[in-house]
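Per my numbering, residue -2 is the first one in the sequence shown, and the count goes up by one each step. Notes to accompany the following structure.
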Amino acid sequence: MTTSRTLISLTLLALVAACGGPGDSADVPDAQPAGATSADIGAHVVHFSAQSTDELPPEIAKAYNILRSKNRAMLNVSVIRKADKTPVTAVVKVKTVNLTGQLKNVTMRQIKEQEAVYYIGETPVANRETLVFDISVTPEGEQQPSNVRFKREFYTD
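Laid out in structure tokens, this is it:
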């Protein structure tokens, strides 16, 4: 297995393991159920996760220029075509707010590694801050975006 594939596998494993936790969807209208890590959007499935960047292995953070910190959150999004289970490129836009309505800037960037395609973005977080992620996804070949919403609480202490 190449180093790059190993890094991708480790990252995805860390991201899936970090999903879920207290307060992950209750009381947020239209949010995915607590613990959900994917959403069906017709011909595609959107996979998503959010975690503090200190949970990333140091070599992964370095490889993708991500600052490891308890006070930084990372969002990871990928889009898979259901028909053949292949990753597809997409336009991925994110609006993120905390429960007091403060807008949190999350600029997504595309990562391509062999056959994998995913999008990551980072933002600062405070202890016990809950973020609501509104993700707009337009997979290649689609005209209209689909929306996915989930929330995640972060602990920095």
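Where is the CB? At the ideal position from N, CA and C, for every residue including glycine.
Residue span of the alpha helix (DSSP H) that contains residue i, given as start and end
i: residue 40; result: Premise fails: residue 40 is in no alpha helix (DSSP H) and is neither H nor E.
i: residue 150; result: That residue, residue 150, is in no alpha helix (DSSP H); its beta strand (DSSP E) goes 143 to 151.
i: residue 60; result: 55 to 60
Selected residue, minimal CA-CA separation from residue i, among the options
i: residue 154; options: 69, 44 and 140; result: 69
i: residue 99; options: 85, 120, 87 and 112; result: 120
i: residue 67; options: 83, 84 and 47; result: 47
i: residue 97; options: 83, 62 and 123; result: 123
i: residue 144; options: 150, 133, 152 and 151; result: 133
i: residue 102; options: 113, 108, 109 and 90; result: 90
i: residue 105; options: 95, 88, 112 and 113; result: 88
i: residue 26; options: 142, 57, 129 and 45; result: 129
i: residue 79; options: 131, 43 and 107; result: 43
Environment of residue i [buried if 16+ CB atoms lie within 10 Å]
i: residue 14; result: Bear in mind that a pLDDT of 41 at residue 14, under 50, signals an unreliable position, so the model cannot answer this.
i: residue 125; result: exposed
i: residue 136; result: buried
i: residue 21; result: Because the pLDDT of residue 21 is 48, which lies under 50, any placement of that residue in the model is unreliable, and the question is left without a value.
i: residue 29; result: buried
i: residue 93; result: buried
i: residue 115; result: buried
i: residue 36; result: buried
i: residue 166; result: The shown model of the chain, from -2 to 154, leaves out residue 166, and the question about it has no answer.
Proximity of residue i and residue j at Cβ, strictly below 8 Å
i: residue 64; j: residue 117; result: no
i: residue 33; j: residue 147; result: yes
i: residue 113; j: residue 84; result: yes
Near the ligand MG: residue i beta-carbon under 7 Å from a heavy atom
i: residue 125; result: Inclusion of the ligand MG in the displayed structure is not the case, the ligand content being empty and no account of it being possible.
Worksheet item: Which whole runs of the beta strand (DSSP E) in the region 62 to 131 are 3 residues long or more, in chain order?
Response: 69 to 78, 87 to 95, 106 to 110 and 113 to 121
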